[in-house]
Each structure stands twice: as structure tokens, then as C-alpha cells.
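Per this note's numbering, residue 215 is the first one in the sequence shown, and the count goes up by one each step. Idealized CB from N, CA, C, for every residue including glycine.
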Amino acid sequence: MKEFLNRFNLTLIIVCYSAIVLALYEQLHIYVVLFGVLCACWRGAHFFGWIALMPRFLLSAVAIATSALTVGLLYQQGVFNIMLHLIFLGFSLKFLELRSTRDVYFFVNTGFILIALFFIFNTSIVATLVASFLLLLLFAILLSLHAQRLVKNAYLTLLFKSCLLSLPLAIVLFVVMPRLPSLWKMPIQKQATTGLSDTVSPGEIAKLSRSSALAFRATFSDVIAPESERYWRAMTLDNFDGRTWSQSTSLKQEESMAKRGGGRQFYQTKNAEQPKSEYELIIEPHYNYWLPVLDYALTPTGLVSLSDYSLRSDKPVIARQAITVAQTSAVKTQPLTANQIRQFTQLPERKSALGNDRTDAWIAENLSNGLSKESILAQLLNGFSESFRYTLEPPRLGEKQIDDFLFNSQAGFCVHFASSYLYVARRLGFPARMVTGYLGGEWQASEGFFTIRQYDAHAWVEIWRENRWQRVDPTAYVAPERVESGLQAALTDGNEFLADEYFSLQKWQSVELINLLRGRLAQMDYLWARYVVNFDNQSQVKLMQRWLSKIPWLKLAYAVMLVMAIIFAALLLIIFKPWQVNKITIEDKIYLQLQGHFNKQGMKREAGQSVSEYCLLLSKTFLLSDSLCQSFALKYNAIKYQTRQTKGQRKKQIKQLIFISKQLTKR
Numbered sequence: 215m216k217e218f219l220n221r222f223n224l225t226l227i228i229v230c231y232s233a234i235v236l237a238l239y240e241q242l243h244i245y246v247v248l249f250g251v252l253c254a255c256w257r258g259a260h261f262f263g264w265i266a267l268m269p270r271f272l273l274s275a276v277a278i279a280t281s282a283l284t285v286g287l288l289y290q291q292g293v294f295n296i297m298l299h300l301i302f303l304g305f306s307l308k309f310l311e312l313r314s315t316r317d318v319y320f321f322v323n324t325g326f327i328l329i330a331l332f333f334i335f336n337t338s339i340v341a342t343l344v345a346s347f348l349l350l351l352l353f354a355i356l357l358s359l360h361a362q363r364l365v366k367n368a369y370l371t372l373l374f375k376s377c378l379l380s381l382p383l384a385i386v387l388f389v390v391m392p393r394l395p396s397l398w399k400m401p402i403q404k405q406a407t408t409g410l411s412d413t414v415s416p417g418e419i420a421k422l423s424r425s426s427a428l429a430f431r432a433t434f435s436d437v438i439a440p441e442s443e444r445y446w447r448a449m450t451l452d453n454f455d456g457r458t459w460s461q462s463t464s465l466k467q468e469e470s471m472a473k474r475g476g477g478r479q480f481y482q483t484k485n486a487e488q489p490k491s492e493y494e495l496i497i498e499p500h501y502n503y504w505l506p507v508l509d510y511a512l513t514p515t516g517l518v519s520l521s522d523y524s525l526r527s528d529k530p531v532i533a534r535q536a537i538t539v540a541q542t543s544a545v546k547t548q549p550l551t552a553n554q555i556r557q558f559t560q561l562p563e564r565k566s567a568l569g570n571d572r573t574d575a576w577i578a579e580n581l582s583n584g585l586s587k588e589s590i591l592a593q594l595l596n597g598f599s600e601s602f603r604y605t606l607e608p609p610r611l612g613e614k615q616i617d618d619f620l621f622n623s624q625a626g627f628c629v630h631f632a633s634s635y636l637y638v639a640r641r642l643g644f645p646a647r648m649v650t651g652y653l654g655g656e657w658q659a660s661e662g663f664f665t666i667r668q669y670d671a672h673a674w675v676e677i678w679r680e681n682r683w684q685r686v687d688p689t690a691y692v693a694p695e696r697v698e699s700g701l702q703a704a705l706t707d708g709n710e711f712l713a714d715e716y717f718s719l720q721k722w723q724s725v726e727l728i729n730l731l732r733g734r735l736a737q738m739d740y741l742w743a744r745y746v747v748n749f750d751n752q753s754q755v756k757l758m759q760r761w762l763s764k765i766p767w768l769k770l771a772y773a774v775m776l777v778m779a780i781i782f783a784a785l786l787l788i789i790f791k792p793w794q795v796n797k798i799t800i801e802d803k804i805y806l807q808l809q810g811h812f813n814k815q816g817m818k819r820e821a822g823q824s825v826s827e828y829c830l831l832l833s834k835t836f837l838l839s840d841s842l843c844q845s846f847a848l849k850y851n852a853i854k855y856q857t858r859q860t861k862g863q864r865k866k867q868i869k870q871l872i873f874i875s876k877q878l879t880k881r
């Protein structure tokens, strides 16, 4: 390492690199993260003098090998992900190669790009604080290159002063610069999506309910939906193969049309001009097309309402997204066609390996005993409330899942109960389908919004009766607390709730102090998401209209001219710096006073004569103390030219210079 980097520079660079690796941990492939850790270890070992820098030929070989491996591993995940990894690899390799100031500039600029990419994946207030810390580190690296002679306090003061001065400009640019949504709309493929899937098997939603990750927030503008109506539907599943519920071909075709855009609505609403309520959703990224809404949502601009009353976006939700949805009271329905009835009553063959013989026999026995089909369904729901158990850790089911659940385990999560009820309803000839989404939500009274998390994921049933789809929630019969109070209240074993997230704030909401902290953090993040992250073109136009409508145009023109004049005057002041003309420092005043004293005695300072030369001449001409004259020259030069000194040190040296000057002028 050449001498242009001192230990302070290197410490900043290593800390900054390590922090950026940690920040991008979730977005990078594990092998790239490990490569970043190895780079940090190598550079750290060089920092302590244990190893030398990596030779250039070896660095080139590593660059070629890692780039090829990255493209080979990620070629199916889209160009964006590949470019992100390649930029990070270049950042890491430059970190190993730092040999000149130019290399440091390249390293810092690449760091700025990576922080911008970090914001594409995470825009929470916590992520913003992390990114701000990273930016501060990068600025500190740049400043450390050009202010190596500053003492620690002066360096930190300059750093924070520069950042604070840039804040007003950043705020103004944020408000007035046009929104650029194109980058946020780039397709980003993930190895695993977050949240609900378009296929469901017993136990899958139970796994999702172990997560406290935020799913979305909802704010009602007028009428707040009651607990029993807060079923946030995401998708419907109407095809069953004996193990898994999935979407039929017709629904997939509608989704395919939704991805092409157009804002189409596949069902007609009654009294659509008078919606029952309106609410705003701030949806977290889940890399899918579904949007959680209440029943009978009117289609917002650019979105698509499917025939199953669910809502779709024309692009994956890859960043926080805000939408406003109006809910109507009813929809116009038509009788089901023969194909639809066949689809909504479809089940595996009775004699297949996945058939449920005991359930079929139980249905046949009840029918032979004279029970109506409605009575059999009611008996099933009553059975759920009497002898079944609601749990996140149900026993593993065999091949005949419905039989095993109804007659053996009798313990399960929402999908177990919904799937069993659906099977019996379809076997009885009722058209029925499963709906997956979220149930309930936690009310945040401070700002008036609901927080819905992944553990609120839920599955229920819709059955065709009286020429319309009617909701039936079998889980409400075995665990009514799930509908009324949420998941934690419904679990008989409290240790099941967020068992894998011991340090989650949601797990400890019974502790008053932690619950208060959790509420404050949720409030701050909500305000950040609503007013900063979702500040789009429409919000910008509204803000400008609100501001400009209150200002007469003539006064506005005068104000613009005044601002331009102030800026021009400020530039002139900065260029010519009139305050520095004829400005004499304290040490120069003392030196001039010394010269004036001896000028009266016939000794004038020659042009170009240094302080040291002048003091040496004084000692010879007036027979003054050599050590005293030399001390004056040394002290003056130290005050004048030494940069690494605090205000206290400078003040002390000025006092010493005054004392020496008085000693020299006593005679």
C-alpha cells in the first residue's frame, strides 16, 4: 500500500465496505456475500501487515472467474439481478486493489450506486437511516483524502457541517424534481417470493403465520370495516388434485390479461357510483401481482378486478405501493354456467389413490339417514367447534388428507378446516372455492390505520347459495378468537405464536414498554411510507397547486427574480471573498508591532526577508538573546502554518508569542 492512505483512511474504507455488504445481504446470492466477507478479511489482514496486496494477475483471474460464475448462477433471474451482482463484484475487487487516489474515487462512486440500488429493495425508515449512515461513511472517506492534516475534532466538524448544509438542497430537489418511476418498474426476479402463493396445501399458510413481516397497511377514509368483515382477499383457488389447491385455467387466463394492463373489470357492481367505503393501502413488496382488498372493490385506474372479486396489478409489486380502493355494497351476479358448476364441484376420482373413502362414506351415511345437504355442512361445522383443535403445529397428514384430518388428527390451521369443508361441500354438489388472503389487522390508534402482517394470513371458503357467493369461515367455529382478536388470542399454546422469532417486537407486545416502542416505530414508518416513499407525480402536482394557488403570479415573478439575484450575489461573494481583503491575523499583528518597535530604532525589515532571518538579524544588531529571538520565529511559524491544532492550542500559542514579543521590546 502506498503512503497516500493512512490507517485512518483504511479504517474508514474497511468499515464502509463491510457495512455495505451487510446492507445488501438479503439481495445478494450467498456465494457473493461470502466473497465479500473474504475480501473484507483479506483487506483487514493487509491492514495489520500480515499479508501483501493481491497481485494484479491474480486479481484479474478472480475477476474473470467470479463474473463468469455470477452470470452462470443468475442467468435465469433477469438482467437487473445480474447487473447488481456484477456491480458489487467490481466494488469488491476495487476494494482489494486500492493503490491510488483514483481507485478510491472509483470505490466511493460505486458505493453511491450500490446505495441507490439498495433503495429499490427497501424504502422503510430504518433502511433510510442505514443508507444515510453509509453515505456518511463514503463522504468521510472522500474528506479524509483531502483533509489529512486536520485534527479529529476539526475533521468531524467539517464532515457534519457539510452534510447539514446539503440537507436543504436535498429536500428542495426531492420536492421539485420530476418523479422517475421507470427504474422502480423494472422486472426484478427473486428466488423466493414473500407472502401468499397461488397454490396452497395444508400447513403452508401455517408456515407463513410464523413470520411477523409487514404485509400492508390500510387506512379507511370514513366507515371502518368491522372485524367480521375485514377479510382481505388476495386470490381464489378452485382446482383440487387431492393434495394442493390451485387456480383453474380460466382464472389464470384472466390474470394473464391483467398482466397486460388495461384497467379491466370482469364483474359488474351495483350502485357503483355510491361506494360503501373508501380505503388506502400501502402494500409491501411481495414480487407477485395480487393486491389484498375487501370484497367488491371498484377497480382503481390501471388495475384489473378479476371475476373472483380479487384485484391484480399489471406489474409485480417490487416496491412499496400505495393504492386507493373504493368498496361497493354488492355486485351483479349471473347464474353459474354448466362449465363453472363443473369447475367449482371438481374433485379427484373417488377410487383414486388420493380419494377420501371415509369422508365419502360419512357423507353417504348421513344422506341415507335423511339429512339434507345443508344439515350435513352444519353438522361438520358443529363438529369443528366441539372436538377439533386450532394449532400452528398440526400432525403430518397422510395421502388421504381429508380422511386423516377429519377422523384422526383433528388438529390443524385455517387451510385444514377450509380444505375439509370445501371437499364435503363439493362432494354434496355445492359449487365452492377457497379464498386466501389476510384476516383482521392491528389497529394503530395514533394515526388511524390497520397494520396487517404475514401472521394474519388466512384461508376461508366461498359457497354458491341464493345465486351469489357467500363467505363461510370454518376456522371461526373452532377458534372464534381468530376472527375477533387475532392469531395470538386463538392459539391455545402461547409459545406457538412467532416461535421462530424470539426477538420480534410483536412477540412481546404484552410487555407495556415494548408495546409502546413498537407502536411508535410503526407510526413513524407509516408516516414515512405515506408522505415520503409514496410522494409520486400526483402528490407533487397537488403540492405545487396548493402552494402556487396562494401566490399571485406577479408576486411570484418578483420572488423568482429576487431569489436569482440573491444567488448571483452569493456567487460573487464566494468568488471575490471581499471579507478576506486586508485581513490581518493576530500573529501578523504581533509581528508588525515588533517590526514597528525596531523601525523606530533604525532597523527596517527588508523585502522578502523571512521571520527567522529577521529575528536572527535582531539578535545580532541589538545584542538580544539568541534563544528568545529564535523562540519568537519558531512560535510564529507554528501558529501561522501548522494546521493540526485546536482552537485551545492556538490560543495558548498566541499568548506565548505575545509574552516573547514583550520580552524582546523591553530594552
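Roughly how many angstroms separate the alpha carbons of residue i and residue j, rounded to a whole number?
i: residue 684; j: residue 427; result: 30 Å
i: residue 326; j: residue 502; result: 29 Å
i: residue 814; j: residue 875; result: 16 Å
i: residue 639; j: residue 647; result: 10 Å
i: residue 833; j: residue 811; result: 14 Å
i: residue 615; j: residue 517; result: 37 Å
i: residue 601; j: residue 457; result: 24 Å
i: residue 827; j: residue 316; result: 41 Å
i: residue 855; j: residue 241; result: 50 Å
i: residue 506; j: residue 651; result: 7 Å
i: residue 358; j: residue 435; result: 51 Å
i: residue 383; j: residue 781; result: 13 Å
i: residue 677; j: residue 604; result: 22 Å
Quick check on residue i: buried or exposed, where buried means 16 or more other Cβ atoms within 10 Å of its Cβ?
i: residue 336; result: buried
i: residue 829; result: buried
i: residue 570; result: buried
i: residue 750; result: exposed
i: residue 746; result: exposed
i: residue 430; result: buried
i: residue 657; result: exposed
i: residue 847; result: buried
i: residue 752; result: exposed
i: residue 419; result: buried
i: residue 617; result: buried
i: residue 397; result: Reliability fails at residue 397, whose pLDDT of 49 lies under 50, so the model's placement of it is uncertain and the value that follows must be treated cautiously. So residue 397 counts as exposed.
i: residue 340; result: exposed
i: residue 654; result: buried
i: residue 308; result: buried
i: residue 498; result: buried
i: residue 626; result: buried
i: residue 463; result: exposed
i: residue 305; result: buried
i: residue 264; result: exposed
Opposite residue i in the DSSP bridges: which residues?
i: residue 684; result: 677
i: residue 449; result: 650
i: residue 626; result: 604
i: residue 497; result: 430, 535
i: residue 876; result: None; residue 876 has no bridge partner.
i: residue 518; result: 526
i: residue 784; result: For residue 784, which the question treats as bridged, DSSP gives no partner whatsoever.
i: residue 667; result: 428
i: residue 563; result: DSSP lists no partner for residue 563.
i: residue 454; result: 459
i: residue 756; result: DSSP output for residue 756 lists no bridge partner at all.
i: residue 672; result: 651
Cβ of residue i versus every heavy atom of the ligand FMN: is any distance shorter than 6 Å?
i: residue 821; result: Looking at this structure, you won't find the ligand FMN or any other ligand, since it has none at all.
Flag this pair as touching only if the region 251–266 and the region 376–383 have three or more C-beta atom pairs under 8 Å; answer yes or no.
no
Mind pulling the alpha helix (DSSP H) runs of 4 or more residues that sit fully within the region 246–325?
270–288, 293–311
Going along the chain, which unbroken runs of the beta strand (DSSP E) with 3 or more residues stay wholly within the region 639–663?
646–653, 656–658
Scan the region 814–838 and note each continuous beta strand (DSSP E) run of 3 residues or more that stays entirely inside, going in chain order.
none
Count the CB pairs spanning the region 811–823 and the region 781–791 that are closer than 8 Å, and state whether there are at least three.
no
Segment contact, 8 Å Cβ cut-off, at least three pairs: the region 625–636 with the region 440–447
no
Pair every Cβ in the region 575–595 with every Cβ in the region 605–612, then say whether three or more of these pairs are closer than 8 Å.
no
Quick one: which unbroken beta strand (DSSP E) runs of 3-plus residues sit fully inside the region 575–600? Chain order, please.
none
Closer than 8 Å is the cut-off here; do at least three beta carbon pairs connect the region 524–533 with the region 729–742?
no
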